[in-house]
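Chains as they are written, first to last, in the working numbering: chain A, 1 to 333; chain B, 1001 to 1333.
Input: a single structure, listed below in structure tokens.
Number of protein chains: 2
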Amino acid sequence: MRPTIKDVSAIAGVSMKTVSRVLNKQRYVSEETRERVERAVAELNFKPSMAARILAGKRSFQIALIYDNHSPHYIHQIQTGVWARCIEEGVRLLAQPSDVASCNLAAEVGGLIDQTQVDGVILSSPVTDAVPVLEELERRGIPYVRISPGTDHERSSSVSMDDVQAADDMTSHLIALGHRRIGFIIGHPNHTASDLRLFGYRRALDRAKLPFEPRYVRPGLFDFASGEAAADVLLDLPHPPTAIFASNDDMAAGVLTVAHRRGLALPRDLSVVGFDDTALASQLWPPLTTVRQPTRDLAYAAAGLLFGAEDEVVHRRLPHELVLRASTAPPKV
Amino acid sequence: MRPTIKDVSAIAGVSMKTVSRVLNKQRYVSEETRERVERAVAELNFKPSMAARILAGKRSFQIALIYDNHSPHYIHQIQTGVWARCIEEGVRLLAQPSDVASCNLAAEVGGLIDQTQVDGVILSSPVTDAVPVLEELERRGIPYVRISPGTDHERSSSVSMDDVQAADDMTSHLIALGHRRIGFIIGHPNHTASDLRLFGYRRALDRAKLPFEPRYVRPGLFDFASGEAAADVLLDLPHPPTAIFASNDDMAAGVLTVAHRRGLALPRDLSVVGFDDTALASQLWPPLTTVRQPTRDLAYAAAGLLFGAEDEVVHRRLPHELVLRASTAPPKV
DNA sequence: GACCTTCTGTCCACCGTTGTCATGCCGACA
DNA sequence: TGTCGGCATGACAACGGTGGACAGAAGGTC
């Protein structure tokens, strides 16, 4: 049978209560007793039953990570980051895929909380902006932290990067290379980051006194196929852009494919840049100039904020970075 | 406060026990009572506390998925597949990254089980072949299913694809195109699939009466960088291969990059093929000919076997598929 | 000597379910 | 008519911990 704290207390020669105190790192336990108990725990390889702790106590030592994202890389980084922080804290992580489009998402989240009694929740974009979910969490008084929220920033603590500035930086980089006709592919309309990146692109154009031309801007869905489609339209224009800025790497990959298919010499005939710096970016040809989004670090920091449990709302902004690779060059004259 | 089954029983006018019976779909509840209880459950939006169920009952309605894999795509597919089956079954999934190299992996898995009392475990390659873990699971009598195990096949139920046949098929495809000098990049030595794929390559060569030449075979680690390194060595040979078969798509991407860097015309100067058919394969240039590994389906089937809970050992083998894209062509003469 | 702080133990209620066992009812069968 | 088996339900004790109240001993401080 699995050992229980009763067994531990017997071996250590103390009461169950004292074992419980040690387990929960409470005050008023002498160094010596603590060690005895810890030895007994190790000897039996005792692990407290989560179920019993949750039922009896106020904490559950579990948090939930809720996401709905189509990019495996992104999710993987988010999971890894949060996971790392949870390990440090000795807290279990429940990863919960979901569907922002679902009309009963809030109910599902509520159900998850009722069932598992998680101590806190981390929301990843775009679930960050699902108001019914936020309301549900607030109604229950569950602390939560959002990763890259798009709206309602005052509502909760969050971590994010500066999408506007990053897109501005990237656009400015292209302008500095000499590009004047720069295409832009917008991200998925569900994600507020999409708007921010578009705004950064416009801001950079404005500052450089370049005209904003709507025909150089195409919608996209953050996936490869929409990148291809947008690139085809852009390159069919009478004066096609000499550079294309895709709002993420997957779409940039689509642009590269279209360019290859058309026999363009890259990057001479067309510069292509992406956003995120997923593993994909460096595996394409030519390797993609992109914005490094510190996804893993954002996730790690988000978990940190959750455990910090400060009452006031905190926003942590992590730095991005331009990653210059071989997919950009001055335009040919 | 959260409703409990006591509240439900009060509203439905039955005992707690009867509510419990309804919740667990047990026999001996009249249709009428069942409906009354279900109405009360709906009215209160009641969700049973997992903690209490686990503590009191024999089932925990949770299973664990344990993996250690470096490919986000692969993990994502595995997670998605298992997840889908769990939803159908109303079971919660604990995704557990791990490290096969860690010497106390078995202890960690044991701890996980003690803490969470999961009902079953799904092991994904290469954790499938960590004997101490298997022993730990058997000692505890926890049912488990393995996805693509490499060894000890009789030990548990499993799902897998035919790696040998798939590699054989792919190699035969290259031979049929006219290739005679075919390079091969082995996968990570931790994964038994690596050996199987190599064996399939050899088998196809043998059948075609082509000599097996060790210098055309290079080690790899299933990642982009090792693909690049291996490709450089192969292409520097006096009589370089006209086709390279990488044991997975990531390494194939590395090969493509090296080929581009050397200014080779693809696929005329060099055919490249991969294995897995991850999203990456279709996003590269040229789009990669590869073996579609039914990862998601394998995961889904694995969860199915676990819930099936037949006592005898079952092996399900899922079909693979050659995906022919533009990265292969007859060699130039 | 009185009093405070630290450490440990005892005792008991309680968390929200399920397992066990008892019980009442009804119809079938001898 | 008495007995037996299947069905439907309920009472009550678990499950393995936490939380709180309280007592008592040891040691330090005023």
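Note that CB positions come from ideal geometry on N, CA and C, so glycine has one too.
Practice task
Name, in chain order, the residues that DSSP records as bridge partners for T290/A.
Solution key: V323/A
Practice task
Can you grab the Cα-Cα spacing for the pair E213/A / R207/A, in whole Å?
Solution key: 15 Å
Practice task
Kindly list the residues whose CB is nearer than 7 Å to the CB of V100/A, restricted to its own chain and excluding five residues on each side of it in sequence; keep chain order.
Solution key: D68, P126, V127, A130 and N190
Exercise for the section: Could you check if N1248/B is buried or exposed, using at least 16 other CB atoms within 10 Å of its CB as the buried criterion? Expected result: buried
Exercise for the section: At 8 Å on the CB atoms, spell out the chain A contacts of R1002/B, in chain order. Expected result: D114
Handout entry: Continuous beta strand (DSSP E) assignments of at least 3 residues falling wholly in the region 1121-1203 of chain B
Key = 1144-1147, 1157-1161 and 1182-1185
Handout entry: Where A1042/B falls, given that 16 or more other Cβ within 10 Å makes a residue buried
Key = exposed
Exercise for the section: Could you please give the first and the last residue of the uninterrupted beta strand (DSSP E) stretch that includes Y1300/B? Expected result: Not the beta strand (DSSP E): Y1300/B falls in the alpha helix (DSSP H), residues T1295 to G1308.
Problem - Residues that F1224/B contacts on chain A, provided the C-beta gap is smaller than 8 Å - result: A279, S282 and Q283
Exercise for the section: Compare the C-beta of A1167/B with all C-beta atoms of chain A and state if any pair is closer than 7 Å. Expected result: no
Exercise for the section: With DSSP as the reference, label Q62/A as helix, strand or coil. Expected result: strand
Problem - Span separating the alpha-carbon of P1319/B from that of S124/A - result: 35 Å
Exercise for the section: Taking only the alpha-carbon atoms, compute the straight-line gap between D114/A and T1018/B and give it to the nearest angstrom. Expected result: 21 Å
Handout entry: Where L256/A meets chain B, residues with beta-carbon distance less than 7 Å
Key = W1285
Exercise for the section: Quick one: list the residues of chain B neighbouring L55/A, beta-carbon separation under 8 Å, in chain order. Expected result: S1049, A1051, A1052 and L1055
Practice task
State the Cα-Cα distance for the pair R140/A and I186/A, rounded to the nearest angstrom.
Solution key: 36 Å
Practice task
Could you tell me if Q1026/B is buried or exposed, where buried requires 16 or more neighbouring beta carbons within 10 angstroms of its beta carbon?
Solution key: exposed
Problem - Beta-carbon proximity check, L234/A vs A1052/B, cutoff 7 Å - result: no
Problem - Whole runs of the beta strand (DSSP E) within the region 203-274 of chain A, excluding any shorter than 3 residues - result: 243-246 and 271-273
Handout entry: Start-to-end residues for the alpha helix (DSSP H) that takes in R34/A
Key = E31 to L44
Practice task
Flag I1087/B as yes when its Cβ comes closer than 6 Å to any non-hydrogen atom of the ligand FAD, and as no otherwise.
Solution key: The model on display carries no ligand, and the ligand FAD is accordingly not part of it.
Problem - Alpha carbon of D162/A to alpha carbon of R317/A, nearest angstrom - result: 7 Å
Practice task
Would you please state the rounded distance, in angstroms, between the beta carbons of T278/A and T328/A? I believe it to be under 8 Å.
Solution key: So it is not a contact: roughly 17 Å between Cβ atoms.
Handout entry: Residue burial classification, Y28/A (beta-carbon count within 10 angstroms, cutoff 16)
Key = exposed
Exercise for the section: Could you check which residue in R1325/B, P1330/B, K1332/B and P1294/B has the C-alpha nearest to that of I1147/B? Expected result: P1294/B
Practice task
Provide the residue(s) that pair with D276/A in DSSP beta bridges, ordered along the chain.
Solution key: R292/A
Exercise for the section: Please say whether L1256/B and L1284/B have beta carbons closer to each other than 7 Å? Expected result: yes
Handout entry: CB contact check: G274/A to chain B, cutoff 7 Å
Key = no
Problem - Residue from V91/A, P330/A, S226/A and A303/A with nearest C-alpha to L1112/B - result: V91/A
Problem - Those residues which DSSP pairs with L1055/B across a bridge - result: Beta-bridge pairing links L1055/B to no other residue.
Practice task
Taking 7 Å as the cut-off, decide whether the C-beta atoms of M170/A and V273/A are in contact.
Solution key: yes
Exercise for the section: Closer than 9 Å by beta-carbon distance: list the chain A residues that pair up with Q1117/B, in chain order. Expected result: R2, S49, M50 and A51
Handout entry: Alpha-carbon to alpha-carbon, Q117/A and K58/A
Key = 9 Å
Problem - Residue interval of the beta strand (DSSP E) (run including Q96/A) - result: R92 to P97
Exercise for the section: For the region 57-90 of chain A, enumerate the residues whose C-beta is nearer than 7 Å to any C-beta of chain B, in chain order. Expected result: P72, H73, I75, H76 and W83
Practice task
Using beta-carbon positions only, say whether V145/A and A302/A come within less than 7 Å of one another.
Solution key: yes
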